[in-house]
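For what it's worth, our numbering labels the leading residue of the sequence shown as 752, then goes sequentially. Below: one structure, written as structure tokens.
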Amino acid sequence: MEGIGSIVDIVFIKVKMNRVLIAFLSVVVCIITTYSCKQANDSAFHGTVTITSDESLQPMVDQLCQGYVGTHAGTKFNVSYLPEHLAIAKVLEDSSRLAFVTRELTTSEQNVFKTRGIRYSPQFIAIDGLALLTSRANEDSLITLKEVEGIFKGQIKNWSQLEGSQQTKDIVLVFDNANSSNLNFVMNKFGLTDLKGLQIFSAGSNKKVIDYVRQNPNALGFIGVNWISDGEVPLTAELSKGLRVLAVSDKEKPTRQDYYQPFQQNLRFGNYPLARKVYIINREMHAGLGSGLLNYIMRDVGSLIIEKCGLWPAKPFNREVILKKEI
752 MEGIGSIVDI
762 VFIKVKMNRV
772 LIAFLSVVVC
782 IITTYSCKQA
792 NDSAFHGTVT
802 ITSDESLQPM
812 VDQLCQGYVG
822 THAGTKFNVS
832 YLPEHLAIAK
842 VLEDSSRLAF
852 VTRELTTSEQ
862 NVFKTRGIRY
872 SPQFIAIDGL
882 ALLTSRANED
892 SLITLKEVEG
902 IFKGQIKNWS
912 QLEGSQQTKD
922 IVLVFDNANS
932 SNLNFVMNKF
942 GLTDLKGLQI
952 FSAGSNKKVI
962 DYVRQNPNAL
972 GFIGVNWISD
982 GEVPLTAELS
992 KGLRVLAVSD
1002 KEKPTRQDYY
1012 QPFQQNLRFG
1022 NYPLARKVYI
1032 INREMHAGLG
1042 SGLLNYIMRD
1052 VGSLIIEKCG
1062 LWPAKPFNRE
1072 VILKKEI
């Protein structure tokens, strides 16, 4: 009987331990569920989230967000347009759900995600181009990549130093702001660490770059191509007046056929020398509104909007038509 009693005691203890374990796990599940509910109060079909974008991508991002909200009435995006490094910083500090940028994260930026248990997976969504603008009063329409490099290295200071130029004034470089992705792209392209001795004007925005260049024949402006492009049309009607988009060649001794403007097809086939990729950096850890927008962009409708903005989508819309012959 003592043996039976011992067995009963052991069984009772095990049952009690199992009940304690179940109770503990229930508490853990409740905590996780409660935390998740607080954190994930949105889905792909409803909610409001804050996102950021580099300023040079604003026309495209505006249209993508408007397109998504137009088909998902219960959604809203609060978009902040910032210099690229600030747009990324907002994502890293959890003030923004995702960011539209023109570069991948640095190793130190990726480590911020890693320490917080966030999977870093940049999504390539489009090919953009850095457009070079001059006033219509400036008759120059062609420039080589070598000449652009010479300007930024201080070797070329006057328009008259460019082959075929009719201008005789000093070159004024015009960017949206001092920390813009446009300027950083050029610096990285030519391996520059400083811009001492250069005449650089910070206009304040891509739109203001356009306005400044239009009024100043000695200005050379740099903007994101989606500000002035509408698909196959290089300049939108309201912005085209008084402006010229330079054609660029990466050849040492180019013929006229070696120069390319940032047309969509030139971005597509890699002809334009100042093309760059556009990425979405997403910090979501659930199937939320940010992920919904990303999926929308990578599908047919999103790719069509990107094309309409003059960029080339990473996943182009398939326009193939299958014809069936009836017998």
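Glycine residues also receive a C-beta, built at the ideal position from the N, C-alpha and C atoms.
Cut-off 7 Å between Cβ atoms - residues of its own chain near residue i, not counting five sequence neighbours on either side
i, result
"K767", "Here K767 scores only 49 on pLDDT, less than 50, and its place in the model is too uncertain to base an answer on."
"S787", "For S787, the predicted structure reports a pLDDT of 41, less than 50, and the residue's modelled location is therefore unreliable. A value from the coordinates is still provided. So the list is empty, once near-sequence residues are dropped."
"H836", "N930"
"G948", "G905"
"A1065", "F875, I876 and A877"
Cβ shell of residue i (< 8 Å), same chain only, five flanking positions each side left out
i, result
"P968", "T885, S886, A888, N889, Q918 and K920"
"G792", "For clarity, residue 792 is Asn in the given sequence; the question names Gly instead. Closer than 8 Å at the Cβ level, and outside the excluded window around N792, lie G798."
"K1002", "T895 and D1009"
"K865", "Y871"
"V820", "T826, K827 and F828"
"L856", "I839, F864, Y871, P873 and I1032"
"M938", "F903, T944 and L946"
Sub-8 Å separation of residue i and residue j beta-carbons
i, j, result
"V728", "L833", "Lying before the first or after the last residue shown, residue 728 is absent from the chain, which here runs from 752 to 1078."
"L881", "F1020", "no"
"I1031", "L1045", "yes"
"A795", "G1039", "yes"
"I878", "W1063", "yes"
"F851", "V812", "yes"
"Q814", "I1056", "yes"
"N933", "S804", "no"
"I922", "N935", "no"
"F941", "E898", "no"
"D891", "L913", "yes"
Beta-bridge pairing of residue i - partner residues as DSSP gives them
i, result
"G1061", "G1061 is not bridged to any residue."
"A795", "Answer is none; A795 lacks a bridge partner."
"A840", "In DSSP, A840 forms no bridge with anything."
"Q803", "Note that residue 803 is Thr in the sequence shown, not Gln. Paired residue(s): S831 and A850."
"A998", "L893"
"I974", "A882"
"Y1030", "V852 and F875"
"D921", "N909"
"T826", "G798"
"I902", "Bridge partners of I902: none, in fact."
Outcome for residue i when other beta-carbon atoms lying within 10 angstroms are tallied against a minimum of 16
i, result
"G1085", "For residue 1085 there is no data in the structure shown, the boundaries of the chain being 752 and 1078."
"G1043", "buried"
"G1053", "buried"
"Q817", "exposed"
"A970", "buried"
"A774", "The predicted model places A774 with a pLDDT of 45, which falls under 50 and marks its position as unreliable; any figure quoted below should be read in that light. Exposed is the call here."
"R867", "exposed"
"D1051", "exposed"
"A824", "exposed"
"G915", "exposed"
"G993", "exposed"
"Q809", "buried"
"G1041", "buried"
"T853", "buried"
"P1067", "exposed"
"N1069", "exposed"
"R965", "buried"
"R1034", "buried"
Same chain only: Cβ atoms within 6 Å of residue i, ignoring 5 sequence neighbours per side
i, result
"S777", "Its pLDDT being 42, under 50, S777 is placed unreliably in this model, and the coordinates cannot settle the point."
"T799", "K827"
"P1013", "G880, A882, V976 and Y1023"
"A1026", "I878, G880 and L1018"
Heavy atom of the ligand SAH within 7 Å of residue i beta-carbon
i, result
"A795", "Looking for the ligand SAH in the displayed structure turns up nothing, as the structure carries no ligands at all."
> Is it true that the segment 937-953 meets the segment 922-929, where meeting means three or more beta-carbon pairs spaced less than 8 Å apart?
Replying inline: yes
>> Would you call the segment 847-859 in contact with the segment 994-1008, where contact means no fewer than 3 C-beta pairs closer than 8 Å?
In response: Taking 8 Å as the limit for Cβ pairs, the verdict is that the segment 994-1008 does not touch the segment 847-859.
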